[in-house]
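Presented below is the structure to which this report refers.
Numbering (my numbering), first residue to last: 788 to 1017.
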């Protein structure tokens, strides 16, 4: 469902361009349809932990995975909503789109990748767990704070951009010049920088933890079963 539907969702990035209107509308429709398989996967992933929620208090790796699914659900709800033409008329070309993309790129893809690596790396080198699970916990909170700072700054900045660009005076002239809209973004760009720096700091914590985990260890050599002839 995801593969067959995503193929037709691309035009939602090209609303209000030279793309034929019917193609834009088709992209919007398929983007809205994407809510079903996307949220189905998200709910299935989160509810897999049903009956064992207490493990979230004990295992920081699970926190990465569950929060990544939450960001996935959020970004796959926001995407179809932004594909609606009336909403897109405000969000198009603004930092709101940047915030949306990074809620998926950092909140979903990066977090689930980090959690997966924290699970796989010690097992690849014959260890029971990472060098420091406390550092894994610290990384989780640092990364989460960084992502929230980043995307919240871009959401606020983007909505403000859209409103400033479409504001007109009674005589039909623009209320704000383009440079005024850029100047208004400066505090939010600092918030974006701060969020990105915090997230990067978390990755440095991970790099140190991984280095301490694999230092002096040798990769586990698995046995490959011999093929049996029929």
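Note that the Cβ used here is the ideal one computed from N, Cα and C, for glycine as well.
A quick note: this is a predicted structure, and the numbers were derived from the prediction, not measured.
Is it right to say residue i is buried, meaning 16 or more other beta carbons lie within 10 angstroms of its own, or is it exposed?
i	result
residue 934	buried
residue 881	buried
residue 1013	exposed
residue 841	exposed
residue 969	exposed
residue 831	exposed
residue 878	buried
residue 1002	exposed
Determine the contact status of residue i and residue j, defining contact as a CB-CB distance below 8 Å.
i	j	result
residue 938	residue 889	yes
residue 883	residue 859	no
residue 923	residue 906	no
residue 885	residue 941	yes
residue 909	residue 917	yes
residue 971	residue 990	no
residue 887	residue 862	yes
residue 1004	residue 872	no
residue 902	residue 833	no
residue 893	residue 864	no
Regarding residue i and the ligand ZN, is the C-beta to nearest heavy atom distance less than 7 Å?
i	result
residue 868	By its list of ligands, the structure shown contains no ligand whatsoever, and the ligand ZN lies outside what it can speak to.
Rounded to the nearest angstrom, how far is the Cβ of residue i from that of residue j, given a contact under 8 Å?
i	j	result
residue 824	residue 789	5 Å
residue 912	residue 1006	6 Å
residue 811	residue 801	7 Å
residue 876	residue 803	7 Å
Could you pull out every residue in the same chain whose Cβ sits closer than 8 Å to the Cβ of residue i, ignoring the five residues on either side in sequence?
i	result
residue 806	798
residue 954	961, 962 and 963
residue 983	933 and 937
residue 975	882, 940, 941, 943, 944 and 947
residue 868	874
residue 956	962
In its own chain, which residues sit with a C-beta less than 7 Å from the C-beta of residue i, not counting the 5 before and 5 after it?
i	result
residue 898	851, 854, 855, 858 and 930
residue 981	936
Per DSSP, residue i is paired with what?
i	result
residue 961	955
With a threshold of 6 Å on Cβ separation, who are the neighbours of residue i within its own chain once the five nearest residues in sequence on each side are excluded?
i	result
residue 993	926
residue 817	792, 795 and 796
Using beta carbons (cut-off 8 Å, strictly below), is residue i in contact with chain D?
i	result
residue 850	No chain D appears in the structure shown, which is made up of a single protein chain.
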